[in-house]
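Sequence lines, in order, name chains A and B.
So for the first sequence, the working numbering puts the first residue at 1; every next one is plus one.
So for the second sequence, the working numbering puts the first residue at 311; every next one is plus one.
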Amino acid sequence: MEYLLHIPLMKEILLAESNGMTFWEALPILRNGILACLGVAILCSFLGVYVILKRIVFVSAALSQISSLGIAISFLLNNWMTVGREISLEQAKSERFLTLHSLWALLFACMAASLLAARLREHRLTRESLLGILYAVPAGLVLLILDRTTKDAHEIENVLFGNAVFVSTPQLLFLILTALGLLGLHGLFYKQFIFTAFDPDTARAAGLKTQKFNQLFFLTLAIAVSVSITSIGALPVFSYMILPAASALLLFNRLHTTFVVAEVFGFCSALIGFYVSFLFSLPTGPTLLASAALFLIPGLVLAALRGAGN
Amino acid sequence: MISPQIELVDLAIGYGHPPLLEGISLSIQRGEFWGIVGPNGAGKSTLVKTILGILKPLQGRLRKEEALSLGYVPQRSALDDIFPVTALDVVLMGRYPARGLKRIRSEDRDLAHKYLEKVGTSHVAHKPFRSLSGGQKQRVLMARALALEPDILVLDEPMDGMDIAGEMSIMELILKLREELRCTVLMVTHSLHLVVNYAENLIILRPGNRRIEFGQARQLLTQDKLREVYGLDLEVRSWQGLSRVLTQESPATGEEA
Chain A
1 MEYLLHIPLM KEILLAESNG MTFWEALPIL RNGILACLGV AILCSFLGVY
51 VILKRIVFVS AALSQISSLG IAISFLLNNW MTVGREISLE QAKSERFLTL
101 HSLWALLFAC MAASLLAARL REHRLTRESL LGILYAVPAG LVLLILDRTT
151 KDAHEIENVL FGNAVFVSTP QLLFLILTAL GLLGLHGLFY KQFIFTAFDP
201 DTARAAGLKT QKFNQLFFLT LAIAVSVSIT SIGALPVFSY MILPAASALL
251 LFNRLHTTFV VAEVFGFCSA LIGFYVSFLF SLPTGPTLLA SAALFLIPGL
301 VLAALRGAGN
Chain B
311 MISPQIELVD LAIGYGHPPL LEGISLSIQR GEFWGIVGPN GAGKSTLVKT
361 ILGILKPLQG RLRKEEALSL GYVPQRSALD DIFPVTALDV VLMGRYPARG
411 LKRIRSEDRD LAHKYLEKVG TSHVAHKPFR SLSGGQKQRV LMARALALEP
461 DILVLDEPMD GMDIAGEMSI MELILKLREE LRCTVLMVTH SLHLVVNYAE
511 NLIILRPGNR RIEFGQARQL LTQDKLREVY GLDLEVRSWQ GLSRVLTQES
561 PATGEEA
C-alpha cells in the first residue's frame with residue numbers, strides 16, 4: 001500500500017491531517033469502517049434501483065425503523081439480563097455486534113418484509129397505512145427504549161444515526177459475506193426479479209412464480225437493511241438505498257447501465273463521505289448522506305436542461 | 311370431436327365472495343377469435359386474468375391443453391414509465407420464462423428482432439419504451455407476447471385510447487398475426503364496431519349480473535342485447551358488407567358508438 005504515497009495527488013489526499021493525525025496514519029483504525037461503508041454502499045445502491053422502480057421507498061424506510069427497533073430491544077434485553085453483572089468491554093462488543101443485535105434486527109426486518117410482501121385485500125387497511133404504522137410505531141418505541149436504557153443511549157444513537165465508525169473484523173466479514181450472497185442471488189434471479197417488477201401480471205401469465213419472487217425480493221431487502229444498519233447505522237443505509245439509484249435513474253435510459261452507475265455512485269460517495277468526515281471531524285452518517293446527495297446534481301441539471309429544451 | 315384448447319366448467323371468478331361472475335361454462339377451440347365485451351367493471355379483465363392463470367378460480371374447473379402457451383398483451387397503461395427499458399428489453403422479457411436461470415442467447419435476440427419487425431416496430435428497438443407513442447407501445451407488447459411463441463394470444467383492450475386510424479391499424483395487425491401464426495385470439499375490447507366484424511365468437515358481460523352470455527358475434531350483438539348491457543339505444547346495421555354499431559337516431563353514415 002506504501003506505493004500509493006508515491007502517486008502525486010494520492011499523496012496529498014492520504015497525508016491530509018485532522019486533529020494532529022494524517023488520514024494515512026488513521027487508516028488502520030478506520031479501515032473496517034471504510035470497508036463496511038463501501039460494502040453497504042454497493043449492496044444498497046444495487047437494491048435501491050429496484051426500490052425506486054417498484055415505488056417502495058417507504059418500505060425501505062419502514063424496514064430501517066423496524067431493524068432499529070430490533071436493535072433497541074436487543075439493548076434493552078441485554079440491559080435486563082446483565083443487571084448486577086460486570087461485563088468486559090470486549091465481551092459486550094462481541095455480544096452486541098455479532099450476535100444479539102444483528103439477529104434481532106434481522107428477525108424484525110424479515111417479519112415486516114413478509115407482511116409487506118403479502119398480497120393485502122385493501123378494503124379497510126391499505127398497504128400505505130400499513131407502511132405508515134410500521135414506520136411510526138417502531139420510531140416511537142425506539143425513543144421510549146432510548147429513554148429507559150440511558151446506559152446504552154449513546155451506542156443506540158450511534159447505530160441509528162450512523163456514527164458507528166468502528167466496525168469489528170468479524171462484523172465486517174459477516175457484512176461482506178451477506179452482501180456477496182445477496183448480490184449473487186440477485187444475479188442468479190435477475191431476469192425473474194426484473195420481469196416481476198416491470199409487469200407482474202404478464203410474468204405470472206408466462207409461468208413465473210411472481211408472488212414467490214416478490215417475497216424473495218422483500219426478504220433480500222430486509223436482510224440487506226438490517227445487516228447494513230447494525231454495521232453503519234440507519235441514516236446512511238437509507239440514503240444509499242435511495243440517492244445513488246435516483247442519481248443514476250435521472251441520467252440513464254438503460255437498465256443495466258443504471259445498475260452499474262448506481263453502484264459506482266454509491267462506492268464513490270462512500271469514499272468521499274468517509275474522507276470528508278475524517279478531514280473536518282464531521283459525524284460520519286450525515287456526511288455520507290451529503291456526499292451521496294452530491295451525485296444527484298448531474299441528473300438534476302440534465303433534467304432541468306431537458307425541461308428547458310421542451 | 312377435437313378437444314378444446316381451453317375449457318371452463320362451472321367456473322366462479324372474482325376476488326372473494328360473492329364472486330364477480332359464476333356458472334361460466336364454455337370451450338375455446340384452436341384458431342378461434344373470441345371478443346370479450348361489456349361496460350367497465352363488468353369483469354372482463356378478471357375473466358381474462360383467470361384464464362391466464364394470474365387469478366385462481368373461486369370455484370369450478372379450468373382445463374387447458376397440455377403445454378399450452380398463452381401470450382398476454384396487458385393494457386399498456388398498466389406498465390410504469392419509470393422503468394429505463396428499451397423496446398428490445400421489453401420484447402426480450404418474453405423469452406425470460408423459457409430461459410429460466412440461463413442467460414439470454416443470441417437466438418433470443420434474433421427472435422425478439424424478428425417479432426419487432428413483424429409488428430412493424432423494428433426501428434424503435436433501441437429506443438426507451440417510455441418514449442414510444444401509445445400505438446408503438448402496443449405493438450411492442452404484442453411482439454413480446456409473440457416472443458413466447460404462443461398458442462393463444464390474449465389482448466386486454468389493445469385499442470384503448472387510440473383514434474380510429476390507430477384502432478384499425480392494430481386490428482389489422484391482430485388479424486394478420488392470427489392468419490400467419492394460426493393462433494387463437496382472445497380480445498377484451500370496447501370497440502364493438504370492430505369486434506362485431508372480426509371476432510367469430512363473443513362473450514358479453516354485464517355489471518351486476520353474475521352470468522355471462524356467449525355465442526356467435528353477429529347473432530349475439532342485437533339491439534335488445536346492447537340496450538340490456540349498455541343501457542343505450544344502439545343498433546347493429548349492415549353497410550357495405552360490414553356491420554356497424556350505431557346510436558339509434560343517427561343516420562347510417564353517422565356517429566358510431
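No residue lacks a Cβ here, since even glycine has one placed at the ideal position from N, Cα and C.
No experiment lies behind these values; they were computed from the predicted model shown.
* Cβ shell of residue 166/A (< 8 Å), same chain only, five flanking positions each side left out -> Taking the first sequence and counting its residues from 1, one reaches residue 166/A at position 166. So the qualifying residues of the chain are 29, 32 and 33.
* Please report the residue range of the beta strand (DSSP E) in which residue 494/B lies. => Sequence index remark: in the second sequence, residue 494/B carries index 184 (1-based). Per DSSP, the unbroken beta strand (DSSP E) holding residue 494/B starts and ends at 494-498.
* Check distances from the C-beta atoms of the region 196-214 of chain A to those of chain B and list, in chain order, the residues that come in under 7 Å. => Cβ contacts with chain B: 198, 199, 201, 202, 204, 205, 206, 207 and 208.
* **Beta-carbon neighbours of residue 252/A, restricted to chain B and to distances below 9 Å** => In the first sequence, the residue the question calls residue 252/A occupies position 252. Within 9 Å of the CB of residue 252/A, the CB atoms of chain B belong to 394, in sequence order along the chain.
* **Per-residue burial, residue 482/B [other beta carbons within 10 Å of its own, 16 or more giving buried]** => On the second sequence, position 172 is the one that residue 482/B refers to. Here residue 482/B is exposed. Its C-beta has fewer than 16 other C-beta atoms within 10 Å.
* Do three or more CB pairs link the region 345-357 of chain B to the region 448-460 of chain B at distances below 8 Å? -> Verdict: no, contact absent.
* To do: Within 10 angstroms of the Cβ of residue 529/B, are there 16 or more other Cβ atoms? Answer buried if so, exposed if not.
  => Your numbering for residue 529/B matches position 219 in the second sequence. Under this definition residue 529/B is an exposed residue.
* To do: Could you have a look at residue 96/A and say whether DSSP puts it in helix, strand or coil?
  => Within the first sequence, the letter at position 96 stands for residue 96/A. For residue 96/A, the pLDDT reaches just 49, beneath the cut-off of 50, and the residue's location in the model is therefore unreliable, leaving the point undetermined.
* Asked: Cβ atoms of residue 41/A and residue 270/A: under 8 Å apart, would you say?
  -> Within the first sequence, residue 270/A is the residue found at index 270, counting from 1. Within the first sequence, residue 41/A is the residue found at index 41, counting from 1. For residue 270/A and residue 41/A, yes; Cβs fall inside 8 Å.
* Would you say the region 484-500 of chain B touches the region 403-416 of chain B, given that touching needs at least three Cβ pairs under 8 Å? -> Contact between the region 484-500 of chain B and the region 403-416 of chain B is absent: fewer than 3 CB-CB pairs across the two stretches fall below 8 Å.
* Are there 16 or more other CB atoms within 10 angstroms of the CB of residue 45/A, so buried, or fewer, so exposed? -> Along the first sequence, read from residue 1 onward, the residue named residue 45/A stands at position 45. By the neighbour-count rule (16 or more Cβ atoms within 10 Å), residue 45/A is buried.
* **residue 21/A (DSSP reduced to helix, strand or coil)** => The count along the first sequence starts at 1 and reaches residue 21/A at position 21. Look at residue 21/A here: in three-state DSSP terms it is strand.
* How would you write the range of the alpha helix (DSSP H) that residue 139/A sits in, first residue to last? -> In the first sequence, counting from the first residue as 1, residue 139/A sits at position 139. It spans 127-148 - the alpha helix (DSSP H) in which residue 139/A sits, taken as one unbroken run.
* Report all residues from its chain with a CB closer than 6 Å to the CB of residue 203/A; omit the five preceding and five following residues, and keep chain order. => Residue numbering aside, residue 203/A sits at position 203 when the first sequence is read from its first letter. So the list reads 195, 196 and 210, once near-sequence residues are dropped.
* **Candidates 448/B, 522/B and 533/B, of which the one nearest residue 282/B by Cα** => Residue 282/B is absent from the model: chain B starts at 311 and stops at 567.
* Touching by the beta-carbon criterion (3+ pairs, under 8 Å), the region 311-327 of chain B and the region 274-282 of chain A -> By the Cβ criterion, the region 311-327 of chain B is not in contact with the region 274-282 of chain A, since fewer than three pairs of Cβ atoms, one from each stretch, lie closer than 8 Å.
* Residue-level contact to chain A via CB, residue 322/B, 8 Å cutoff -> For the purposes of this step, residue 322/B is identified with residue 12 of the second sequence, where counting begins at 1. By this cut-off, residue 322/B is not an interface position.
* Asked: Would you say residue 11/A faces chain B, with C-beta separation under 8 Å as the test?
  -> Start at 1 with the first residue of the first sequence, and residue 11/A comes out as number 11. Not a single CB atom of chain B sits nearer than 8 Å to the CB of residue 11/A.
* Environment of residue 256/A [buried if 16+ CB atoms lie within 10 Å] -> Locating residue 256/A in the first sequence gives position 256, where the first residue counts as 1. The residue in question, residue 256/A, is exposed, as its Cβ has fewer than 16 Cβ neighbours within 10 Å.
* Using the beta-carbon count (16 or more within 10 Å), is residue 418/B buried or exposed? -> Looking up residue 418/B in the second sequence gives position 108. Result: buried.
* Range of the contiguous beta strand (DSSP E) that encloses residue 337/B -> In the second sequence, residue 337/B corresponds to position 27, counting from 1. For residue 337/B, the enclosing beta strand (DSSP E) starts and ends at 331-338.
* Taking the alpha helix (DSSP H) that residue 317/B falls in, what are its first and last residues? -> Within the second sequence, residue 317/B is the residue found at index 7, counting from 1. Looking at the DSSP string, residue 317/B is not in any alpha helix (DSSP H); the run it does join, the beta strand (DSSP E), is 316-323.
* To do: Leaving aside the five residues before and after residue 65/A along the sequence, list all residues of the same chain whose C-beta is less than 6 Å from its C-beta, in chain order.
  => For the purposes of this step, residue 65/A is taken as the residue at position 65 of the first sequence. Cβ neighbours of residue 65/A beyond the five flanking positions: 135, 138 and 139.
* **Contacting residues, own chain, Cβ-Cβ under 6 Å from residue 37/A (five flanking each side not counted)** => As a working note, residue 37/A is residue 37 in the first sequence. So the list reads 232, 270 and 274, once near-sequence residues are dropped.
* Coil, strand or helix - residue 471/B by DSSP -> Start at 1 with the first residue of the second sequence, and residue 471/B comes out as number 161. The answer is coil: DSSP assigns residue 471/B none of H, G, I, E or B.
* Run the CB neighbour count on residue 377/B, radius 10 Å, all protein chains shown included, and call it buried at 16 or more, exposed below. => Residue mapping note: residue 377/B aligns to position 67 of the second sequence, counting from 1. Around the beta carbon of residue 377/B, fewer than 16 other beta carbons lie within 10 angstroms, which makes this residue exposed.
* residue 523/B, DSSP secondary structure in three states -> Here residue 523/B is taken as the residue at index 213 of the second sequence, counted from 1. Residue 523/B: strand per DSSP, three-state reduction.
* Asked: What does residue 381/B pair with, by DSSP beta-bridge criteria?
  -> Against the second sequence, residue 381/B aligns to sequence position 71. Residue pairing of residue 381/B in beta bridges, as defined by DSSP: 463/B.
* Might you give, ordered along the chain, the residues of its own chain that have their beta carbon closer than 8 Å to the beta carbon of residue 398/A, omitting 5 neighbours on each side? => With chain A covering 1 to 310 only, the question about residue 398/A has no answer from this structure.
* Asked: Anyone know if the C-beta pair for residue 246/A and residue 52/A falls short of 8 Å?
  -> Walking along the first sequence from the start, residue 246/A turns up at place 246. Walking along the first sequence from the start, residue 52/A turns up at place 52. Less than 8 Å divides the Cβ of residue 246/A from the Cβ of residue 52/A.
* Cβ contact check for the region 427-439 of chain B and the region 214-225 of chain A: 3 or more pairs under 8 Å -> Using a C-beta cut-off of 8 Å, the region 427-439 of chain B makes no contact with the region 214-225 of chain A, since fewer than three inter-stretch Cβ pairs fall below that distance.
* Asked: Skipping 5 residues on each side, what residues in its chain have a beta carbon closer than 6 Å to that of residue 439/B?
  -> As a first step, residue 439/B must be located in the second sequence, where it is residue number 129. Correct list, in chain order: 395, 397 and 400.
* If contact means a Cβ-Cβ distance below 9 Å, which residues of the region 311-341 of chain B contact chain A? -> Flagged, chain order: 325 and 326.
* Asked: If residue 330/B sits next to residue 353/B, beta carbons under 8 Å apart, how far is it from one beta carbon to the other, in whole angstroms?
  -> Taking the first residue of the second sequence as 1, we reach residue 330/B at position 20. Taking the first residue of the second sequence as 1, we reach residue 353/B at position 43. With a Cβ gap of about 4 Å, residue 330/B and residue 353/B count as contacting.
* To do: With 7 Å as the limit, tell me which residues of the region 451-470 of chain B have their beta carbon closer than that to any beta carbon of chain A; keep them in chain order.
  => Within the region 451-470 of chain B, 458 place their CB atoms closer than 7 Å to a CB of chain A, listed in sequence order.
* Same chain, Cβ closer than 7 Å to residue 182/A, five either side skipped, listed in chain order -> Residue numbering aside, residue 182/A sits at position 182 when the first sequence is read from its first letter. Excluding positions up to five away in sequence, the list reads 43, 220, 223 and 224.
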